[in-house]
Every structure is written in C-alpha cells, then in structure tokens.
Amino acid sequence: MSKVYYNHRIWLNSENSRSTGSIVCFDGETDFSDGIGRDLFIEIADCHGKVRLHKSSDDSVAEFIQKLSAMRNEIDFFINHLKTKVINE
18 MSKVYYNHRI WLNSENSRST GSIVCFDGET DFSDGIGRDL FIEIADCHGK
68 VRLHKSSDDS VAEFIQKLSA MRNEIDFFIN HLKTKVINE
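Residue numbers (our numbering): 18 to 106.
Structure (structure tokens):
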C-alpha cells in the first residue's frame, strides 16, 4: 500500500469566482511501472493550464529543494516588481 507523507492543495480564487486556480504539493509513495517509489512534486494550475515540477530520479531531495527555493525567490521578485512598478503606474 502506498503512503502519503504530505498532500496539500490551496485554491487561488475565491469560491464565487468563475476562474479556477490551485497549488498542490505532494510527497508520497507512488506505484510506478517498475515498482513503488517516492514521488515529490508541486503543481500550479489555473483554468488555462498547469505546470508540475517533479523531483526527477537524477535529483537528490536537496537539489529539488534548491529548485523550489529558486522558484519561490523568483516569485517573490516578481511580486515585488508588480507592487513597486505596476501598481504605482
């Protein structure tokens, strides 16, 4: 039986919005074609598409964390840009 260590979803839009958007973070065991293995990913989705970043078999957990940290930092930089450059125009 597969185990789930972490599975969390947040909705990005209000309940009364016609748009959908979510973020899913997952850490668990998955039954792959060659057996059960650890599966880690983050998925960002809206009504037009989705992106899922998996920890690849070539990456260590530390390398996957570095990728997630780089992504978080870039999102923070973009938010700061929008707040300081776009909102104030």
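A virtual CB, placed ideally from N, CA and C, is assigned to each residue, including glycine.
Check: Hey, out of K20, I82, Y23, C64, whose CA is closest to S34's CA?; Outcome: C64
Check: So what's K115 in DSSP terms, helix, strand or just coil?; Outcome: Only positions 18 to 106 of the chain appear in this structure, which leaves residue 115 out of reach.
Check: Taking the alpha-carbon positions, what's the S36 to R26 distance?; Outcome: 16 Å
Check: Taking Cβ positions, are E46 and K20 nearer each other than 8 Å?; Outcome: yes
Check: Does the contact criterion of 3 or more C-beta pairs under 8 Å hold for the segment 92 to 105 versus the segment 69 to 82?; Outcome: no
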